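Under my numbering, the letters of the sequence shown match residues 111 to 290, in that order. Even glycine gets a Cβ: it sits at the ideal position worked out from N, Cα and C. What you are looking at is a predicted structure, and each value in this text was computed from that prediction instead of being measured. First the structure, in the form of structure tokens, and then the observations on it.
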Amino acid sequence: MEACEQLAKWQQTINPELTMAINISPHQFQSDSFIRTLQHIVTERLVSPSSVTLEMTENIAILQTQRTVERMHLIKSFGFRLSIDDFGTGYSSLQYLSAFPIDELKIDKVFIDGLAKNDHALLDSIIQLGHNLELNLVAEGVETEHALDYLKTTSCQHMQGFIFSEPLSVQDIEKRFLAP
Numbered sequence: 111m112e113a114c115e116q117l118a119k120w121q122q123t124i125n126p127e128l129t130m131a132i133n134i135s136p137h138q139f140q141s142d143s144f145i146r147t148l149q150h151i152v153t154e155r156l157v158s159p160s161s162v163t164l165e166m167t168e169n170i171a172i173l174q175t176q177r178t179v180e181r182m183h184l185i186k187s188f189g190f191r192l193s194i195d196d197f198g199t200g201y202s203s204l205q206y207l208s209a210f211p212i213d214e215l216k217i218d219k220v221f222i223d224g225l226a227k228n229d230h231a232l233l234d235s236i237i238q239l240g241h242n243l244e245l246n247l248v249a250e251g252v253e254t255e256h257a258l259d260y261l262k263t264t265s266c267q268h269m270q271g272f273i274f275s276e277p278l279s280v281q282d283i284e285k286r287f288l289a290p
């Protein structure tokens with residue numbers, strides 16, 4: 111809720127097109143109060159749900175699979191976007207990727223780090239898999255020019271990491287974007 115309130119403020123003061131990704135723990139995801147919070151965000155129109163991506167690790171697939179899929183569909187019906195974070199490092203089956211109503215895969219940093227050893231095979235396969243499933247892709251942990259240059263040659267749509275910016279506090283973001 112706090113993150114959505116902050117996003118609403120930034121959409122008014124910085125850019126109305128801003129979006130935000132929010133990490134969700136398996137415990138939060140399974141909580142009925144979490145669903146009520148999402149319903150509140152929608153009914154009170156704090157922000158457009160389409161400007162919020164809820165990120166969860168692929169290990170969520172281990173949790174009561176049918177209930178997980180149903181809950182994901184409910185969240186999607188509210189208009190929120192869903193992302194599988196740290197993809198490739200968990201214990202889920204690939205079959206869940208097509209069952210889950212997700213919008214995005216965040217490729218774990220471990221695969222980006224492999225680029226330093228010219229180990230492209232797994233990263234290229236994940237990118238191809240994501241495109242075959244018509245998902246947006248985000249490469250996490252982009253920290254070197256080599257990784258950046260390689261990813262630019264692929265069809266990975268988004269990247270994040272220290273090469274772009276260190277993590278910023280709310281105050282630092284506001285200083286950077288609201289300073290006169």
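Cβ-based burial, residue i [other Cβ within 10 Å; buried from 16]
i	result
D229	exposed
I237	buried
V280	exposed
I222	buried
L148	buried
S143	exposed
I273	exposed
T263	exposed
A249	buried
Beta-ladder partner(s) of residue i, from DSSP
i	result
R191	T163
K186	Answer is none; K186 lacks a bridge partner.
M130	V162
H268	V248
L215	I194 and L247
Separation of residue j from residue i, as counted between CA atoms
i	j	result
K219	P136	21 Å
Q116	T123	11 Å
I134	M166	5 Å
L225	E253	11 Å
E214	M111	22 Å
H241	M269	15 Å
Y206	A289	45 Å
I283	E255	24 Å
C266	L192	17 Å
D259	P277	22 Å
K227	L261	15 Å
S141	Q121	28 Å
L173	A131	22 Å
L184	H150	14 Å
Best match in the options for proximity to residue i [C-alpha to C-alpha]
i	options	result
L164	Q270, K186 and I273	K186
E127	V162, A209 and T199	V162
S275	S265, R286 and C266	R286
I212	L288, N246 and G200	N246
T199	Q267, M130, R191 and L232	L232
I145	Q121, W120 and E180	E180
T175	F210, G251 and F197	F210
E244	D234, S208, A257 and G251	S208
F197	A257, T129 and G251	G251
R155	C114, A131 and M130	C114
L239	T129, L204 and A118	L204
Any C-beta of chain C under 8 Å from that of residue i
i	result
I283	Chain labels in this structure do not include chain C; a single protein chain is all it has.
Chain-order list of residues whose beta-carbon lies under 8 Å from that of residue i (same chain, five-residue window excluded)
i	result
G189	V152, S158, P159 and S160
Own chain residues within Cβ distance below 7 Å of residue i, not counting five before or after
i	result
D195	N133, E165, M166, T167 and K216
I170	P136, F139 and T178
M182	L192, F210 and P211
Beta-carbon proximity list for residue i, same chain, < 6 Å, skipping 5 on both sides
i	result
D234	none
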